[in-house]
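Q: Just dropping this structure here.
Numbering (the working numbering), first residue to last: 792 to 1117.
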């Protein structure tokens, strides 16, 4: 984290080439995010092969890791290659593809984090409550939920295809464009920019508010459960350990949501500031910081999952992998 802070300070202070600094930032996210998300994906695929199915929560985490991997690959890796002049990926078609896929996968990552928090909240609800039937309904229709989220976010990210152009081809840039260093999101007018920006902010703020609410409910339920166990032990009864794994998973979700709210809160704050600027900025610094903080969640979340999910780290041990291969 100190390394990231130093690079961010260097970028903002102009201590060295901005392109080199941004390249180092995105390279570090790539180095952390790609193997981290791939490790989580491999662990759950091994689990699915060994047990022939996945619990709903595990399926959501697997889908979340896939979308986070997509975020890191299409944005961080591409930015790294372009910053160090290793590949020319940002022509007009490249800009449209990268920004569209990034916006779609970023939004999916946000909503899947909310879905995970909501499902874990339902999972630790008191047995016999009406929420138990809701949890079963969600689990049974999870493929439909995934499909709905994909359709929703691909459609709301279509503006990236319409307005994104390369900064290298000499296209006339309007005063409403957003500077992304190698690309411009070239909005035709301030109205288009504000409407599109409002849609993007709403798409983030709604799940942020909902996942914050579900996390608070999880914390309250965990507190009540701990008080109940203390009462049982005080009365001489042994506490049941059957819900231990669900409670551990719920605590991990709270950690993921906290990381998300902090990083994406910064991201959306910078985006709102970008919308208030009435001219195209000559530097991509503000946009670089926004993309960095958004991508940081995709890079850090698998580390939290690997460190805290017993199903994942048990299947990533060399002995288990070699045993499965035999």
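We put the beta carbon where it would ideally sit given N, CA and C, even for glycine.
State the start and end residues of the unbroken alpha helix (DSSP H) segment that holds residue 886.
A: That run of the alpha helix (DSSP H) goes 883–914.
Q: Locate the beta strand (DSSP E) running through residue 974, then write down its first and last residues.
A: Segment 974–976, the beta strand (DSSP E) holding residue 974.
Q: On the criterion of 16 or more Cβ atoms from any shown chain inside 10 Å, does residue 911 qualify as buried, or is it exposed?
A: When all chains shown are included, residue 911 counts as buried.
Q: Among the candidates 855, 987, 1103, whose CA atom is the shortest distance from the CA of residue 954?
A: Selected option, being the one with the closest Cα: 987.
Q: Which residue comes first and which comes last in the beta strand (DSSP E) that contains residue 956?
A: Where residue 956 is concerned, the enclosing beta strand (DSSP E) stretches over 955–957.
Q: In terms of residue numbering, what span does the alpha helix (DSSP H) encompassing residue 1086 cover?
A: Note, residue 1086: alpha helix (DSSP H), 1076–1099.
Q: Report the residue from 1004, 1106, 1094 whose alpha carbon sits nearest the alpha carbon of residue 859.
A: When only C-alpha atoms are compared, the closest one is 1094.
Q: Looking at residue 895: is its Cβ nearer than 7 Å to the Cβ of residue 846?
A: No. Outside cutoff.
Q: So does the region 878–891 actually touch the region 853–870, counting three or more Cβ pairs closer than 8 Å?
A: The region 878–891, when compared against the region 853–870, does touch it at the 8 Å Cβ threshold.
Q: Within 10 angstroms of its Cβ, does residue 1100 collect 16 or more other Cβ (buried), or is it exposed?
A: So residue 1100 counts as buried.
Q: Just mark residue 1029 as buried or exposed, buried being the case when its beta carbon has 16 or more other beta carbons within 10 Å.
A: Per-residue confidence for residue 1029 stands at a pLDDT of 47, beneath the threshold of 50, marking its modelled position as unreliable; the derived number appears in the next sentence. Flag for residue 1029 reads exposed.
Q: Could you tell me the alpha carbon to alpha carbon distance between residue 1078 and residue 838, rounded to whole angstroms?
A: Answer to the nearest angstrom: the Cα atoms are 39 Å apart.
Q: Look up residue 960 in the DSSP assignment and say whether it is helix, strand or coil.
A: Coil at residue 960, not helix or strand.
Q: Would you say the beta carbon of residue 1093 comes nearer than 6 Å to a heavy atom of the ligand FMN?
A: Looking for the ligand FMN in the displayed structure turns up nothing, as the structure carries no ligands at all.
Q: Quick check: the Cα distance between residue 840 and residue 834, rounded to an integer number of angstroms?
A: Computed Cα separation, rounded: 10 Å.
Q: Would you call residue 855 buried or exposed, if buried means 16 or more other Cβ atoms sit within 10 Å of its Cβ?
A: It is buried - the Cβ of residue 855 has at least 16 other Cβ atoms within 10 Å.
Q: Relative to the C-alpha of residue 822, which candidate in 915, 872, 1000, 924 has its C-alpha closest?
A: Selected option, being the one with the closest Cα: 872.
Q: Under a Cβ-count criterion, where at least 16 other Cβ atoms within 10 Å of its own Cβ denotes burial, should residue 732 be classed as buried or exposed?
A: Outside the shown range of the chain (792 to 1117) lies residue 732, about which nothing can therefore be said.
Q: Taking the alpha-carbon positions, what's the residue 1009 to residue 880 distance?
A: Cα to Cα, residue 1009 sits roughly 44 Å from residue 880.
Q: Compute the Euclidean distance between the alpha carbons of residue 1092 and residue 882, then round it to the nearest angstrom.
A: Their Cα atoms are separated by approximately 31 Å.
Q: Exposed or buried, what is residue 1033 when buried is set at 16 or more other beta-carbons lying within 10 Å of its beta-carbon?
A: At residue 1033 the pLDDT is 45, less than 50, meaning the model places this residue with poor confidence; the figure from the coordinates comes in the next sentence. Exposed is the call here.
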